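Enquirer: My questions will all concern the structure given below.
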Amino acid sequence: QVSDERMPGVVSLPHGWGHDRADTRLGVAAAEPGVNANQLNDGSALDPLSGTAVLNGIPVDIAPAG
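Take any residue in the sequence shown, count from 1 to its spot, add 981: that is its number in this note's numbering.
Below you can see the structure in the form of structure tokens.
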């Protein structure tokens, strides 16, 4: 959804946990899975200080549906 409430060049993705995937066995979370923003990241981008996966600030390309 395009909105003038965001700065140009900013994309906002509501974060869910995506627990509707097979074999997660998390019944409460699976009832309200939402989107899983982590699926946009291949896991290779690491924070240099902590060594943990980068989960925010992921570059994206946007194109019209078609």
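In this text, a Cβ means the ideal position worked out from N, Cα and C, and glycines have one as well. Just so it is clear, the structure is predicted and the values come from calculations on it, not from any experiment.
Report, in whole angstroms, the separation of the C-beta atoms of H994 and A1018, which I expect to be a contact under 8 Å.
Expert: Numbered from its first residue, the sequence shown carries residue 994 at position 13. Numbered from its first residue, the sequence shown carries residue 1018 at position 37. Correcting the residue type first, residue 994 is Leu in the shown sequence and not His. That belief holds up - the Cβ atoms of L994 and A1018 are roughly 5 Å apart, short of 8 Å.
Enquirer: Three-state secondary structure (DSSP) at N1022?
Expert: The residue given as residue 1022 occupies position 41 in the sequence shown. Coil, per DSSP.
Enquirer: What's the gap between the Cα of A1003 and the Cα of I1043?
Expert: What you label residue 1003 is simply residue 22 of the sequence shown in a count that begins at 1. What you label residue 1043 is simply residue 62 of the sequence shown in a count that begins at 1. One C-alpha to the other measures close to 29 Å.
Enquirer: Suppose contacts are defined by Cβ-Cβ distances below 7 Å. Is A1034 in contact with G1024 by that definition?
Expert: The residue given as residue 1034 occupies position 53 in the sequence shown. The residue given as residue 1024 occupies position 43 in the sequence shown. Yes. Within cutoff.
Enquirer: Helix, strand or coil for A1046 per DSSP?
Expert: Taking the sequence shown and counting its residues from 1, the one referred to as residue 1046 is at position 65. Note: A1046 maps to coil in three-state DSSP.
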